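Quick note on this note's numbering: the sequence shown kicks off at 6 and runs consecutively.
Where a beta carbon is used, it is the ideal one built from N, C-alpha and C, also for glycine.
Model, not experiment: these values are computed from the prediction.
First the structure, in the form of structure tokens, and then the observations on it.
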Amino acid sequence: MFPIRYSKRTITDEAQIDAFLKHARVGHLGLSDGSEPYVVPLNFSWLNGCLYFHGADSGRKVDLIGQNNRVCFCVTDEYGTIADPVPAMTDTAYMSAMVFGTVERVEQPEEMRDALQAMLDKYVPGYYPEPLSLQHVIKYRSSMGSAAAVFRIKPESITAKGNPPSETHSFYPGRTLHMDIG
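So, in structure tokens, the structure goes:
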């Protein structure tokens with residue numbers, strides 16, 4: 006694992022990283038067949054120290070996982086732009102985490118249900134009056150006739166960094182340099 010170069014932005018607080026991974030909405034799964042990288046944006050859930058995502062049970066992503074199950078999953082949230090009178094000091098407020106590990110298909114229906122329920126709770130909280138049933142998970146078929154495949158990433162390492170928003174320097178439409186140097 007490579008150290009974060011801009012070390013003052015490193016985040017090591019596990020509770021902060023855990024909360025971030027539970028609430029961030031989109032991650033990017035990095036795969037490789039050995040000669041070409043392939044990155045896929047995905048919805049995901051963070052449950053019991055693992056990342057979960059789902060999709061069709063066939064296709065390029067599934068093929069690449071079969072060839073090489075070592076992955077990187079990158080999650081980023083952008084919180085706005087930080088304005089500065091010095092152009093080179095203009096910056097972005099953000100948090101990001103990179104999860105390095107191995108991915109495998111989840112075979113146990115109960116674990117599949119729990120991961121999918123965590124996604125429903127995250128993306129459509131309170132929408133369904135009842136929890137996801139095990140029968141629904143087992144019997145579900147897409148419009149193309151395929152079963153849902155659920156995958157688990159077991160982290161071997163996680164790095165995170167961030168730059169918090171600035172109360173005094175956050176850019177907003179209409180803000181100008183003349184307002185800052187007055």
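Neighbourhood of residue i by C-beta, 8 angstroms cutoff - its chain only, sequence neighbours within 5 removed
i       : result
Glu-83  : Thr-97, Ala-98 and Tyr-99
Arg-65  : Tyr-43
Glu-161 : Phe-105, Gly-106 and Thr-107
Three-state class that DSSP yields for residue i in the structure shown
i       : result
Ser-171 : coil
Asp-82  : strand
Asp-185 : helix
Val-108 : strand
Ile-87  : strand
Asp-23  : helix
Pro-92  : helix
Residues that residue i bridges to, as DSSP identifies them
i       : result
Pro-188 : In this structure the chain extends from 6 to 187, so residue 188 is not present and cannot be described.
His-59  : Val-155
Leu-47  : Gly-32
Met-103 : Cys-79 and Thr-164
Ala-98  : Gly-85
Thr-15  : Lys-166
Endpoints, beta strand (DSSP E) assigned at residue i
i      : result
Leu-52 : 50-52
Limits of the alpha helix (DSSP H) - the one that residue i falls within
i       : result
Tyr-128 : 114-128
Phe-65  : Inspection of the sequence shows that residue 65 is occupied by Arg rather than by Phe. Note, Arg-65: alpha helix (DSSP H), 65-72.
Ile-143 : 139-144
Contacts around residue i, its chain only, beta-carbon distance under 7 angstroms, and the 5 residues preceding and following it disregarded
i       : result
Pro-136 : Gln-122
Phe-49  : Gly-32, Leu-56, Tyr-57 and Phe-58
Same chain, Cβ closer than 6 angstroms to residue i, neighbours up to 5 away in sequence not counted
i       : result
Ala-29  : Val-80 and Asp-82
Phe-176 : Thr-86 and Ala-88
Open item on the list: Is it the case that the segment 84-93 contacts the segment 116-135, given that we only count it when at least three CB pairs across the two stretches are under 8 angstroms?
Closed with: In short, these stretches do not touch, since the Cβ pair count stays below three.
Task: Segment contact flag, the segment 142-162 with the segment 58-65, C-beta cutoff 8 angstroms, min 3 pairs - done: At 8 angstroms Cβ cutoff, the stretches touch.
Open item on the list: If contact is defined by three or more beta carbon pairs under 8 angstroms, each pair taking one atom from either stretch, is the segment 137-147 in contact with the segment 38-56?
Closed with: They do not touch, by the three-pair rule.
Open item on the list: Across the segment 13-26 and the segment 163-173, are there enough close Cβ pairs to call them in contact, namely three or more that are closer than 8 angstroms?
Closed with: Contact holds: three or more Cβ-Cβ distances are below 8 angstroms.
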